[in-house]
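Here the protein sequences line up with chains V and A, keeping their order.
Going left to right, the first sequence walks through residues 0 to 329 as numbering that gives the first Met the number 0 numbers them.
Going left to right, the second sequence walks through residues 0 to 865 as numbering that gives the first Met the number 0 numbers them.
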Amino acid sequence: MHFQIVHTTEYDYSAPAVESYTELRVRPRNTLKQVVVSHTTEVNPQVPLETYTDYYGNFVEAMSVPFRHRSLTVTSRSTVETRLLPDGFSGLDLTVSEAVRLCWPRRMELYDFLMPSEHVPLSPTVEELATKLLPSSAPFVETVLGLNQYLFKTFKYESGVTDISTPIDQVIETRRGVCQDFAHVMIALFRAAGLPARYVSGYIETDAAALRSERRNGAAGLLPGFDEDVEEEAKLIGATASHAWVEVYCPNGHWIGLDPTNNILESERHVQIGVGRDYADVPPLRGVYKGAQQQLLSVKVSVRRSTGDPRLTQALWASNQAPAQIQSQG
Amino acid sequence: MTVASTAAKVRLETDEHPLSGGTVDEWASSHPGVKAVCKRLRETMGALSPEALGRLTRTAQDLMRDQGITFHINDKRAGGERILPFDLLPLTVAAEEWADLEQGLVNRARAWNAFLNDIYTGQDILKAGLVPYEVVYSDPHFRRECVGVKVTQDVHLHVSATDLIRNEDGRWIVMEDQISNPTGAGYALQNRRILSQVTPQFMEDVPLTPIYHYPSQLLETLQAAAPGGSSVAKVVLLSPGIYHEAYYDHAALARQMGIPLVQSGDLIVLDSEVYLKTISGLDRVNVIYRRIDGSYVDPVTNRGDGRFGIPGLLSCVRQGTVTVANSLGSGLADNRALAAYLPQMTEFYLGTKHMLPAVPTLNFRDIDMREFVFDNWRKYVFKTLSTRGPASVWLGEQLEEKQWDELKKRIEAKPGEFIAQPLIRFSTVPTWTEEGLRGRHVSMRAFVLNGAGGATATSCVLTRMALKEGSLIVASASGGGSKDTWLLRDSRRELHSTPAATGVRQRQNRLRLGSRTADALFWIGRYAERAEATVRILRVLQQIRAEDNDNPKAWHPLWEALAAATGHPTSFFKKATFQKEKTTTLADYILLDQDNYASVISCLSSCRQNAQQIREALPPEVWTVINRLHLQFSMTVKERSSATVEESLREMTLHSDVLTALDELSGSMEKHMVHDDAWNFWRIGRFMESGVFTLLTMKQVFLKRNDERQPASSLTEDINLDALLRMLAGQYAYRSYYKSRPVASQVALLLLQDERFPRSLLFSLQEMVRSLRQIFGERATPLAETPIRYAQHLASDLAYADIAPYFSPAFSEVEEPNPDALPRARTKQFAEWLDTLTQRLLNFNSLIADHYLNHQAATPPQAERD
């Protein structure tokens, strides 16, 4: 599938800000599932962007605005081609404890995703819930999918009741939150059970967006395997801002994407930006500035499906890891 | 020679010291060199009475207090700052012993450096399984953002230190290393200096290794670490500021190296390069000697506290434009569990097994080990892994059963966060106490410098001692003290003299005043002036009110003047609250209300805050005045509702007190400060505030004025003009000029254009220009020149402006009045002109900020750069 993503973040300061420094993690990454065809990041005020790749392989752009400014706008435009891969773990016949044991040979490289992290502490509450939901003798695949469904069914998606500083125990207690909270809870449960899990920041095409694209493009039908959910349950959640989900490590070497906010596996309609231990490793935007106490933040994300050039698509997947064009406008 | 040992004399025989079993006393050494020195010391001291020795000790400590050699402790009982207790009797180390230690110290530093290099690149040692990756990956000081970032010359540790103790067998062994940010060299240097001042007789003929060249050695190491190895590298010492416990250490080293002592706000990153903000512009920085915790340095990548960091510093490191010493990731090596693996590291990286013996470090990850230690817990010392400081160490033998149970529970819950070391009763040195000379346990901290050319164990060694009998706590933060350390010179060895530090001493070029200091002084000037002017207005208003309370409406312009000058809406003080209630309501609000940001107490708080941030740049006398003023006034605020305070508000005694104290402040600034750049910025602040205040206050009064030519100006107008003069302390000046009742045009002339009246706008402008010229000279750089030109232009516009037409119609218009010349229109025009002046003055204020203080002028938006 071919997506055009526009992600705009705007800060308005109540008084002029100076010496601001910001790190952006808004460029989708290249994976087996997705190829970034093009990406530009525009910033206003116009300053040069410095780029580097972080510890977890995410693409980072850093900008410094030393002079006085009243607002800061970042617009990231990406064109991404995604494809559906076999899910990588259906049919695996092993128990949770076997899966845990099979991770041991790679424990050193997986260590970061097994240990508690800033937003994912392994509290007694978490441990207790993990014992209940991820019993060691249960079959691995079913249990993982079951957990995805459990979170979807028992937790209520509600924006505004939590923020990034809400402790995970409170989210578990109140059973309400947004995709970040769903993801953090799921990661905590996996890690408590000894399964490596990581946080994915990205975008998702919502149903509303999909329908709009359809009307525009005259395409018919939603994704196979999707229809039922769409019919009976809610819209896919996430596209008002960026989305977050989870990857759990599977003993066959694959990372399996799970979206507990929508009770689905990561699909063709997900676009990954980056991965990390938790939100703190991959916030779309993090920065500091001197000046006004108050700032008004507005974030707009649009994920639009378009008909990509089929030849280009073919060429992309043929080479499989064609380097994407990186353009950073200064 | 016999040792004098009569009761009246100081008794020095070590066997008389009540020592705990097995402990070695340093002065009982059998090393011939040490023996000789100690014998001499005994003789010298034998001639002194215990009282004399006590007196000398106190002299030394007084000297330290006078010089501000303090160690800040977060303990209210200790009263915050205290001096590091100092004892005159040194720790003496034999030349052969030191020579043995040197190579070992160097190897430790090299091994740690190689380890850090490896961890932040290939992590070979983890892959080889020699160091458990869990320890590294779980450590909060393992900075993932530094992985793959190449540090200059592969040096992570430029300065490290090792704490050594002598065990019961008489061997020097390592207790632990201080890697990322070792403290104490400044104190060691000071100890030697104090000792040679107070008891020079102790040091006569002792073959001492000098330590005075340590600052040059350190500076050379830092300069050599600059990217590109520039020998004229600009080095700064980055400190968290005056509140930090070891601020003295930072200040002393910076001063002795002749480099700027900076805080994060002094530095700015532009286009991936670091600059120091000075009043004459931005200075490129090549090396940052970091004395703040690594996790605070870059607030964006490290998510630290924004107050301490330099945003974007890591980009500069990544691009290789600046060296941070020690490297940002070096905090990892302070993980106490890693010390257990140093033998493996030494062999892996250096290919040698030769290393200093160390106190064993026991890891609780091993269950058998844990059980064994738990069974013998009284014989162990327990420490946390990755935090340092008083709350991170427990001595088993000092714990009660209950305390041990608590600690044990903590360890069992998180075994990976603790280590244990066997308790060692390390050696003692005789120390003067109230009961005479007693042995006190000591530990020494040796500083090692490391550069691309190799590591050197310096002769700068700090001896730390426990203060209490038998105590093994030597840490300064836990109340330990210090002594001088005498490394004896081997007559057979060449004196370790570094070649006369090239350039270090010659290059004493005057450091340009830092923008932060200038900014603080500028604001001290502004706030003090604002407080003074506010009190003056208030006093006049209260006086008028007391004299004639019948017609409050009549002085509406005065209420408005007060409101405008203190940043309130013009109608603010006409409200019923201030008009109807007790007469003291207004005074209370203006003077004592902390919620009123323009109140005098708020001004004084801000004044003190600014002063505190630059205490090192203020003479103690000035600081005392500012501090006392704030303190006294805060006490009054606390008793706001009391009858005494109310009376002082009504009788205006408080007003007078404040004015007197503020006069004292400006007097002490004049008298005690060097009349240098810093002082000039204080003056500029004062005159800026004075100018703005004059304009804002007079506008309201003049706005309501009637035309002079109209017969019999009303009485209230007279009162108002008179009041205005009193508010701006111009009554005397006016009378000495005109000897008549106030006339609007003449009052305006005095307040705006008089060159000799200190509160006139023109006077303020000219004084500011004079100060700026003194700072930057007649030929300033174009950037520095801009604000000066602007002010000169404004001053000449003002000086030559003809204000008469605002007050009476021009001669030609008398016959044929045009509508613009009506009194009301003229008043409006005058008010507009005052507004223009205010605006231009504020523009000048922004130019000062942009060009000298926050350097916005040097960083125009991209669009304007081309």
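Idealized CB from N, CA, C, for every residue including glycine.
The structure displayed is predicted, hence computed values, not measured ones.
Cβ neighbour criterion (16 or more within 10 Å) applied to residue i
i, result
"Pro259(A)", "buried"
"Ile673(A)", "Inspection of the sequence shows that residue 673(A) is occupied by Val rather than by Ile. Per the 10 Å Cβ criterion, exposed."
"Ile163(V)", "exposed"
"Asn844(A)", "buried"
"Gln872(A)", "Residue coverage of chain A in this structure runs from 0 to 865, which leaves residue 872(A) outside it and unanswerable."
"Glu559(A)", "buried"
"Lys233(A)", "buried"
"Ser19(V)", "buried"
"Thr623(A)", "exposed"
"Tyr198(V)", "buried"
"Ile366(A)", "exposed"
"Asn251(V)", "exposed"
"Val231(A)", "exposed"
"Ala14(V)", "exposed"
"Gly776(A)", "exposed"
"Tyr596(A)", "exposed"
Same chain only: Cβ atoms within 6 angstroms of residue i, ignoring 5 sequence neighbours per side
i, result
"Leu74(V)", "Residue identity differs from the one stated: residue 74(V) is Thr in this sequence, not Leu. Within the same chain, Thr74(V) has close Cβ partners Thr7 and Glu41."
"Glu101(A)", "Ala456"
"Asp483(A)", "Pro89, Asn190, Arg191 and Leu194"
"Ile613(A)", "Thr516 and Ala519"
"Val636(A)", "Leu591 and Ile600"
"Leu295(V)", "Asp11"
"Thr182(A)", "Ala245 and Asp248"
Sequence-distant residues of its chain with Cβ nearer than 8 angstroms to residue i (five each side left out)
i, result
"Ala279(V)", "Ser116, Glu117 and His118"
"Phe756(A)", "Gly729, Ala732, Leu749, Leu750 and Phe762"
"Ser137(A)", "Gly415"
"Arg30(A)", "The displayed chain sequence assigns His, not Arg, to residue 30(A). Taken in chain order, the residues that qualify are Ala93, Glu95 and Glu96."
Residue i - DSSP class collapsed to helix/strand/coil
i, result
"Asn112(A)", "helix"
"Ala732(A)", "helix"
"Gln177(A)", "strand"
"Pro259(V)", "coil"
"Val23(A)", "coil"
"Val284(A)", "coil"
"Asp592(A)", "coil"
"Thr8(V)", "strand"
"Ile543(A)", "helix"
"Asp61(A)", "helix"
"Lys738(A)", "coil"
"Phe85(A)", "strand"
"Gly53(A)", "helix"
"Leu284(V)", "strand"
"Phe521(A)", "helix"
"Asp721(A)", "helix"
Same chain only: Cβ atoms within 7 angstroms of residue i, ignoring 5 sequence neighbours per side
i, result
"Pro421(A)", "Val358, Pro359, Lys378 and Tyr379"
"Ser647(A)", "Leu653"
"Thr142(V)", "Val95 and Leu133"
8 angstroms contact criterion, which residue i and residue j should meet: CB distance rounded
i, j, result
"Tyr55(V)", "Val274(V)", "6 angstroms"
"Val146(A)", "Tyr119(A)", "5 angstroms"
C-beta neighbour in chain C for residue i, strict 9 angstroms
i, result
"Gln318(A)", "This model lacks chain C altogether, as its protein chains are V and A."
Start-end ranges of the alpha helix (DSSP H) lying completely within the segment 133-174 of chain V, minimum 4 residues: 139-153 and 167-173
Complete alpha helix (DSSP H) runs within the segment 49-127 of chain V (minimum length 4 residues, chain order): Fully enclosed alpha helix (DSSP H) runs of 4 or longer: 95-102 and 106-109.
Uninterrupted alpha helix (DSSP H) stretches inside the segment 391-466 of chain A (no shorter than 4 residues): Counting only runs of 4 or more, we get 400-412.
Unbroken stretches of the alpha helix (DSSP H), 4 residues or longer, contained in the segment 162-242 of chain A: Those alpha helix (DSSP H) runs which fall completely within the segment 162-242 of chain A and span 4+ residues are 184-197, 199-202 and 213-223.
Ranges of the alpha helix (DSSP H) found wholly within the segment 610-650 of chain A, counting only runs of at least 4: 619-637 and 642-649
Minimum length 4: unbroken alpha helix (DSSP H) runs contained in the segment 328-393 of chain A: 341-344 and 366-374
Start-end ranges of the alpha helix (DSSP H) lying completely within the segment 669-711 of chain A, minimum 4 residues: 676-702
Segments assigned beta strand (DSSP E), at least 3 residues, entirely inside the segment 824-848 of chain A: none
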